[in-house]
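S.K.:
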Amino acid sequence: MRAKDFRPPVLSLRFGHVWRRNFLVWRKLAIPSMLGNLADPMLYMLGLGYGLGAFVGEVGGVPYITFLAAGTVCYSTMNTATFEALYSAFSRMHVQKTWDAIMNAPLNLDDVIAAEAVWAASKSFLSGCAILIIIWALGLSHSPLTLWIVPLAFLIGLTFACLGLVMNSMAPSYDFFLYYFTLVITPMVLLCGVFFPTDQLPAPLQLFSSILPLTHAVQLARPLVMGAVPAQALIHVLVLLAYAAAGFYAALVLTRRRLLT
Amino acid sequence: MPLLEVHELRKSYTGEEVVRGIGLQLEAGECYGLLGPNGAGKTTTLRLCLGLTDPDSGTVNLLGLPIPRAAREARIRIGVVPQLDNLDPDFTVFENLLVYGRYFGETDAILRGRIPDLLDFAGLGNRGKSKIQALSGGMKRRLSLARALINDPDLLFLDEPTTGLDPQARHLIWDRLRRLVAQGKTILLTTHFMDEAERLCQRLSIMDHGRIISTGTPRELISRHIEPEVLEVYGEGVEDWAQQHAALAERSEHTGETMFCYSHHAAPLIATLENRPTLRFLHRPANLEDVFLKLTGRDLRD
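Below you can see the structure in the form of structure tokens.
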């Protein structure tokens, strides 16, 4: 590692054009992409929400499907950003060498990483909006507080995009990402309160769960869907931002080492 | 003022120094070549000049700006054709140019005005809507060249612009590069093709093992390092002939089945071949390849 790899990021406003490049590619496949964003969480919500919900009944004073809807917002936005920051970013960085082409223009790696993070968060934002529409359409919530889901989806996306870009910086091939899903994403889905309240877990697992970013996302989203202001909202937002900032910086340092030596 | 000024540039990878004290100056309007075998350090030198990696020591000044510190700003007026095409497979030919031009902060109005001319220049006039996957290797290379011109740069970096192309495609690229120089563009190119360097470059540096061995015009390099006439002799009994007569040449080299004899006056040598029906020969003026092989040796490079 060279000292220069650790210097703080220096961004050019032209990084927006890199975001726009990704947006243009997405726009070509926007309809199937949006359908995917809708279909996957909808199947989970309908299948588990109604199917499992019939056995479970109410959780925390609301029907299981409403309980699950908030978890789905979080897990689905996490997944969207994660896939984008792993597979799609890796294609652009390593396979298509799109990043190399961009760095021959007046943009540097800092700009590219920032654009990728914001782009992946933008896709999460779209996913979040899609699920919000389902929540409204199914009549699961009528609270205006659900509108806070929109910026929250972006924040969750940014957090997981930055964490995903750290993995991207270290990946020799696509196969590498399976470790991340097995060791990080799956435990997060099962331990952070997406499908059931975390207080069902044994105490050590609850403690572990409390440091994971998705837990903080769920603790923001769930009250909002239920029509309440989240307790300790600021702390949860700061935790997500801290994960995003640390992830962004680590991704930057590691990708500099990978591409700029 | 030179467009590019490089002093005592050094760069090591994992303990091995691949650029060992490179220095060069590029004047406005010239086509300058870095000629060297694979692994000579040509691409690393270009990357250092563009600020894509930091040198261990030495200085680079590009368009009056210090590199790597102000590399991002300097690249606003630079065009780059990379060694391997990295066109955007998700876009059409036209979109490739438009999206790339935006990275330079150019407005869509300016870019949409420029793109048809660039497509014509690249011989892709009717290909604007084509997918990248539908283009031949030569077309992709020409599109890469058009993309490098999208910001109307002052200086072009071309890393092995014709490697992997067939002769027709190479000639087309050469023709376009000559036109660009005629229009007043400045070009720095790397190549390991002698004919490319000899045809295109007003000045060139021969590089090997991370160093510049010699710099000058193609003619200067030939007259500086090599006798003007070359006699290549091959066929059955060439060793025997060489033992008797090769001393008539000022310098001779045996490679494979061929004897290369270098001299200022080859006529006496040719006379000795008259009664040797099994031997065939080629008498020609010395060229850049002779210089290159003399300076970098005949050993294979990985």
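Top line first, the protein sequences correspond to chains A and B.
At position 210 of the first sequence (counting the first as 1) the number is 204 in this note's numbering, and the numbers step up by one without a gap.
In this note's numbering, each residue carries its 1-based index in the second sequence increased by 2.
In this text, a Cβ means the ideal position worked out from N, Cα and C, and glycines have one as well.
1) Let me see if you follow: with CB-CB separation under 8 Å, is residue 163 (chain A) close to chain B or not?
2) So what's residue 34 (chain B) in DSSP terms, helix, strand or just coil?
3) Using 10 angstroms around the beta-carbon of residue 73 (chain A), count the other beta-carbons present and answer buried if the total reaches 16, otherwise exposed.
4) Interface residues of chain E around residue 97 (chain A) at Cβ under 8 Å?
5) Residue 39 (chain B) by DSSP, collapsed to three states: which one?
6) Within the continuous beta strand (DSSP E) that includes residue 204 (chain B), where are the two ends?
7) Rounded to whole angstroms, what's the CA-CA distance from residue 103 (chain A) to residue 97 (chain A)? Just pull it up for me.
8) Considering just the uninterrupted stretch of the beta strand (DSSP E) at residue 254 (chain B), what are its terminal residues?
9) What's the C-alpha gap between residue 172 (chain A) and residue 33 (chain B)?
10) Out of curiosity, what's the CA-to-CA distance linking residue 50 (chain A) and residue 58 (chain A)?
11) Can you give me the C-alpha to C-alpha distance between residue 289 (chain B) and residue 203 (chain B), rounded to a whole angstrom?
12) Any contact of the region 80 to 88 of chain B with the region 22 to 33 of chain B, i.e. 3+ C-beta pairs under 8 Å?
13) Check the Cβ of residue -2 (chain A) against every Cβ in chain B and list those closer than 7 Å, keeping chain order.
14) Return the CA-CA distance between residue 250 (chain B) and residue 222 (chain B), expressed in angstroms with no decimal places.
15) What are the start and end residues of each continuous alpha helix (DSSP H) run of 4 or more residues lying completely inside the region 47 to 114 of chain A, in chain order?
16) With distances taken Cα to Cα, identify the nearest neighbour of residue 299 (chain B) among B:8, B:42, B:25 and B:14.
17) Would you verify that the beta carbon of residue 100 (chain A) is, or is not, closer than 8 Å to some beta carbon of chain B?
18) Taking 8 Å as the threshold (C-beta atoms), are residue 152 (chain A) and residue 182 (chain A) in contact?
19) Indicate the three-state DSSP secondary structure (helix, strand or coil) for residue 51 (chain B) in the structure shown.
20) Please return the same chain residues whose Cβ sits closer than 6 Å to the Cβ of residue 186 (chain B), not counting the five positions on each side in sequence.
21) Rounded to whole angstroms, what's the CA-CA distance from residue 310 (chain B) to residue 198 (chain B)? Just pull it up for me.
22) Could you tell me the boundaries of the beta strand (DSSP E) in which residue 287 (chain B) lies?
23) Which of the three DSSP states, helix, strand or coil, is assigned to residue 210 (chain B)?
24) Once DSSP output is grouped into helix, strand and coil, what is the label at residue 182 (chain A)?
25) I'd like to know whether the C-beta of residue 14 (chain A) is nearer than 8 Å to at least one C-beta of chain B.
26) Less than 8 Å between the CB atoms is what I'm expecting for residue 100 (chain B) and residue 89 (chain B), so what's the real figure, rounded?
27) Straight-line CA distance for residue 92 (chain A) to residue 86 (chain A)?
28) Going by beta carbon distance, what residues of the same chain come within less than 6 Å of residue 154 (chain A), once the five residues before and after it are set aside?
29) Checking contacts by CB at 8 Å: is residue 102 (chain B) closer than that to chain A?
30) Among residues of its own chain, excluding the 5 on either side of residue 3 (chain B), which ones have a beta-carbon nearer than 6 Å to its beta-carbon?
31) Please identify, using Cβ separations under 7 Å, the residues of the region 75 to 97 of chain A that lie next to chain B, in order along the chain.
32) Can you tell me whether residue 257 (chain B) is buried or exposed, with buried defined as 16 or more other CB within 10 angstroms of its CB?
33) Pull up the DSSP beta-bridge partners for residue 216 (chain B), would you.
34) Where does residue 85 (chain B) fall in DSSP's three states?
35) Looking at residue 91 (chain B) and residue 135 (chain B), is the spacing between their C-beta atoms short of 8 Å?
36) Residue 173 (chain B): buried (16+ other C-beta within 10 angstroms of its C-beta) or exposed?
M.R.: This is what the structure holds:
1) Working through the first sequence from its first residue, we reach residue 163 (chain A) at position 169. Any Cβ of chain B closer than 8 Å to the Cβ of residue 163 (chain A) would place that residue at the interface, and such an atom is absent.
2) Mapped onto the second sequence, residue 34 (chain B) falls at position 32. Strand, per DSSP.
3) As a first step, residue 73 (chain A) is located in the first sequence; it is residue number 79 there, counting from the start. Buried, since its Cβ has 16 or more Cβ neighbours within 10 Å.
4) Looking for chain E here will not work: the only protein chains present are A and B.
5) To locate residue 39 (chain B), count along the second sequence from 1; it is residue 37. Correct three-state label for residue 39 (chain B): coil.
6) Taking the first residue of the second sequence as 1, we reach residue 204 (chain B) at position 202. Per DSSP, residue 204 (chain B) lies in no beta strand (DSSP E) and is assigned neither H nor E.
7) The sequence position of residue 103 (chain A) within the first sequence is 109, counting from 1. The sequence position of residue 97 (chain A) within the first sequence is 103, counting from 1. The alpha-carbon atoms of residue 103 (chain A) and residue 97 (chain A) are separated by roughly 7 Å.
8) By 1-based counting over the second sequence, the position of residue 254 (chain B) is 252. Run containing residue 254 (chain B): 253 to 257, per the beta strand (DSSP E) assignment.
9) Taking the first residue of the first sequence as 1, we reach residue 172 (chain A) at position 178. Taking the first residue of the second sequence as 1, we reach residue 33 (chain B) at position 31. One C-alpha to the other measures close to 49 Å.
10) Against the first sequence, residue 50 (chain A) aligns to sequence position 56. Against the first sequence, residue 58 (chain A) aligns to sequence position 64. Their Cα atoms are separated by approximately 7 Å.
11) Residue numbering aside, residue 289 (chain B) sits at position 287 when the second sequence is read from its first letter. Residue numbering aside, residue 203 (chain B) sits at position 201 when the second sequence is read from its first letter. Taking the Cα positions, residue 289 (chain B) is about 14 Å away from residue 203 (chain B).
12) Taking 8 Å as the limit for Cβ pairs, the verdict is that the region 22 to 33 of chain B does not touch the region 80 to 88 of chain B.
13) Sequence index remark: in the first sequence, residue -2 (chain A) carries index 4 (1-based). For a Cβ distance threshold of 7 Å, residue set 56 of chain B lies close to residue -2 (chain A), ordered along the chain.
14) Looking up residue 250 (chain B) in the second sequence gives position 248. Looking up residue 222 (chain B) in the second sequence gives position 220. Their Cα atoms are separated by approximately 25 Å.
15) Entirely contained in the region 47 to 114 of chain A, the alpha helix (DSSP H) runs reaching 4 residues are, in chain order, 47 to 50, 58 to 77 and 92 to 97.
16) Along the second sequence, read from residue 1 onward, the residue named residue 299 (chain B) stands at position 297. Nearest of B:8, B:42, B:25 and B:14 to residue 299 (chain B), Cα basis: B:42.
17) Indexing the first sequence from 1 puts residue 100 (chain A) at position 106. Residue contact with chain B for residue 100 (chain A): present (Cβ-Cβ distance below 8 Å to some residue of chain B).
18) Start at 1 with the first residue of the first sequence, and residue 182 (chain A) comes out as number 188. Start at 1 with the first residue of the first sequence, and residue 152 (chain A) comes out as number 158. At least 8 Å separates the beta-carbon of residue 182 (chain A) from that of residue 152 (chain A).
19) In the second sequence, residue 51 (chain B) corresponds to position 49, counting from 1. In this structure, residue 51 (chain B) counts as helix in the three-state DSSP scheme.
20) Within the second sequence, numbered from 1, the residue matching residue 186 (chain B) stands at position 184. Residues 31 of the same chain have their beta carbon placed closer than 6 Å to that of residue 186 (chain B), with the five preceding and five following residues left out of the count.
21) No information on residue 310 (chain B) is available, as it lies outside the stretch 3 to 304 that chain B covers here.
22) For this step, residue 287 (chain B) is matched to residue 285 along the second sequence. Counting along the chain, residue 287 (chain B) sits inside the beta strand (DSSP E) bounded by residues 281 to 287.
23) Taking the first residue of the second sequence as position 1, residue 210 (chain B) is located at position 208. Here residue 210 (chain B) carries a strand assignment [DSSP, helix/strand/coil].
24) Walking along the first sequence from the start, residue 182 (chain A) turns up at place 188. In this structure, residue 182 (chain A) counts as helix in the three-state DSSP scheme.
25) Residue mapping note: residue 14 (chain A) aligns to position 20 of the first sequence, counting from 1. For residue 14 (chain A), the answer is yes, since a Cβ of chain B falls inside 8 Å of its Cβ.
26) On the second sequence, position 98 is the one that residue 100 (chain B) refers to. On the second sequence, position 87 is the one that residue 89 (chain B) refers to. The Cβ separation is near 13 Å, so there is no contact.
27) Residue mapping note: residue 92 (chain A) aligns to position 98 of the first sequence, counting from 1. Residue mapping note: residue 86 (chain A) aligns to position 92 of the first sequence, counting from 1. If you take the alpha carbons of residue 92 (chain A) and residue 86 (chain A), they lie about 5 Å apart.
28) If you number the first sequence from 1, residue 154 (chain A) lands on position 160. Closer than 6 Å at the Cβ level, and outside the excluded window around residue 154 (chain A), lie 72, 75 and 76.
29) In the second sequence, counting from the first residue as 1, residue 102 (chain B) sits at position 100. The beta carbon of residue 102 (chain B) sits closer than 8 Å to some beta carbon of chain A.
30) Taking the second sequence and counting its residues from 1, the one referred to as residue 3 (chain B) is at position 1. Around residue 3 (chain B): no qualifying Cβ.
31) Per Cβ criterion, the list reads 90, 91, 92, 94, 95, 96 and 97.
32) In the second sequence, the residue the question calls residue 257 (chain B) occupies position 255. Answer is exposed; the Cβ neighbour count stays below 16.
33) One-based indexing of the second sequence puts residue 216 (chain B) at position 214. DSSP output for residue 216 (chain B) lists B:208 as bridge partner(s).
34) Within the second sequence, residue 85 (chain B) is the residue found at index 83, counting from 1. Coil at residue 85 (chain B), not helix or strand.
35) Numbered from its first residue, the second sequence carries residue 135 (chain B) at position 133. Numbered from its first residue, the second sequence carries residue 91 (chain B) at position 89. In contact: residue 135 (chain B) and residue 91 (chain B) (Cβ atoms closer than 8 Å).
36) The residue given as residue 173 (chain B) occupies position 171 in the second sequence. That one is exposed.
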